[in-house]
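Take a look at the structure below.
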Amino acid sequence: MAQVILKNVSKVYQGGVKAVDNFNLEIKDKEFIVLVGPSGCGKSTTLRMVAGLEEITEGELYIGDRLVNDVPPKDRDIAMVFQNYALYPHMTVYDNMAFGLKLRKMPRAEIDKRVREAARILDIEHLLDRKPKALSGGQRQRVALGRAIVREPKVFLMDEPLSNLDAKLRVQMRTEISKLHERLQTTFIYVTHDQTEAMTMGDRIVVMKDGVIQQVDTPQTIYDYP
Ligand code: ADP
Ligand code: ADP
Numbered sequence: 001m002a003q004v005i006l007k008n009v010s011k012v013y014q015g016g017v018k019a020v021d022n023f024n025l026e027i028k029d030k031e032f033i034v035l036v037g038p039s040g041c042g043k044s045t046t047l048r049m050v051a052g053l054e055e056i057t058e059g060e061l062y063i064g065d066r067l068v069n070d071v072p073p074k075d076r077d078i079a080m081v082f083q084n085y086a087l088y089p090h091m092t093v094y095d096n097m098a099f100g101l102k103l104r105k106m107p108r109a110e111i112d113k114r115v116r117e118a119a120r121i122l123d124i125e126h127l128l129d130r131k132p133k134a135l136s137g138g139q140r141q142r143v144a145l146g147r148a149i150v151r152e153p154k155v156f157l158m159d160e161p162l163s164n165l166d167a168k169l170r171v172q173m174r175t176e177i178s179k180l181h182e183r184l185q186t187t188f189i190y191v192t193h194d195q196t197e198a199m200t201m202g203d204r205i206v207v208m209k210d211g212v213i214q215q216v217d218t219p220q221t222i223y224d225y226p
């Protein structure tokens with residue numbers, strides 16, 4: 001079953017920049033899709049349209065059989081992780097992870113269960129009382145992932161989540177995100193300009209250029225390795 005469908009999707013920004021031009025893609029349930037391409041080719045815009053953070057100028061977007069063009073982000077069953085972790089500096093790790101669920105008026109016991117489970121998966125249980133400034137870059141990125149996990153979304157959207165980390169940590173987190181995908185068994189859409197990330201993480205890779213899809217295929221086919 002296709003989990004996310006983009007049908008003839010285009011985005012024209014105010015001022016007339018056509019950032020995405022007639023984008024067509026069916027993303028399967030549990031698939032790990034990577035969007036790659038040079039800076040400015042429309043990757044973020046595409047992801048932000050799926051998230052509901054940018055309006056779609058033309059076309060249709062389905063998430064799990066539902067047309068969501070006019071559905072606000074919080075009702076789309078998605079969670080997004082950004083490169084600048086955007087953690088709340090005055091809140092503890094626990095509260096950073098719990099905040100979105102509290103806004104939704106989820107019962108406290110359920111929030112607590114989800115936060116602790118996510119913390120266990122990400123190995124940050126010992127950091128729950130800390131504020132973000134007392135964390136390393138990798139730990140902050142884990143908290144950002146935790147904040148997405150607790151929502152238990154159908155689709156994870158990630159926009160260059162590792163680009164602010166140093167090279168060593170990037171390699172480590174890359175593996176962790178792949179493991180997370182295996183473990184959660186949900187759909188991931190991951191934006192990067194890093195070929196190695198695309199190659200090692202993606203089930204399928206979408207190569208974009210100037211707002212247009214150039215190629216959609218497995219990493220093996222696209223990067224031609226045995
Ligand atoms: P990528 O993520 O691949 O770097 P983007 O989706 O950010 O590409 O940008 C695609 C194109 O849209 C670029 O030409 C960029 O300058 C333009 N763009 C992005 N955001 C806006 C905006 N808010 N207003 C106008 N143009 C934008
Ligand atoms: P609030 O942040 O809304 O004031 P409370 O501090 O009253 O929430 O905590 C509610 C529940 O959340 C507690 O029973 C506890 O289990 C859990 N909790 C809150 N903060 C932490 C924390 N830093 N570490 C571990 N558990 C916490």
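For the sequence shown, the residue numbers in my numbering are 1 to 226. We treat Cβ as the ideally placed atom computed from N, Cα and C, and that holds for glycine.
| Asked | Found |
| --- | --- |
| Complete alpha helix (DSSP H) runs within the segment 5-89 (minimum length 4 residues, chain order) | 43-51 |
| Any non-hydrogen atom of ligand 1 closer than 7 angstroms to Ala19 Cβ | yes |
| Cut-off 6 angstroms between Cβ atoms - residues of its own chain near Tyr62, not counting five sequence neighbours on either side | Ile5 |
| Reduced DSSP category for Leu169 - H, G, I as helix; E, B as strand; rest coil | helix |
| Candidates Thr200, Asp159, Glu160 and Gln195: closest to Lys179 by CA position | Thr200 |
| Per-residue DSSP class, three states only, for Arg183 | helix |
| Beta-carbon proximity check, Val93 vs Leu127, cutoff 8 angstroms | yes |
| Heavy atom of ligand 1 within 7 angstroms of Ser137 beta-carbon | Reading the sequence as shown, one finds Gly at residue 137 and not Ser. Answer for Gly137: no, Cβ out of range of ligand 1. |
| Start and end residues, alpha helix (DSSP H) containing Arg130 | No alpha helix (DSSP H) contains Arg130, which DSSP labels as neither H nor E. |
| Beta-carbon spacing of Val206, Ile78 below 8 angstroms | no |
| Expected contact under 8 angstroms - CB spacing of Gly59 and Lys7 to nearest Å | 6 angstroms |
| CA-to-CA distance, Gly15 to Ala118, given in whole angstroms | 42 angstroms |
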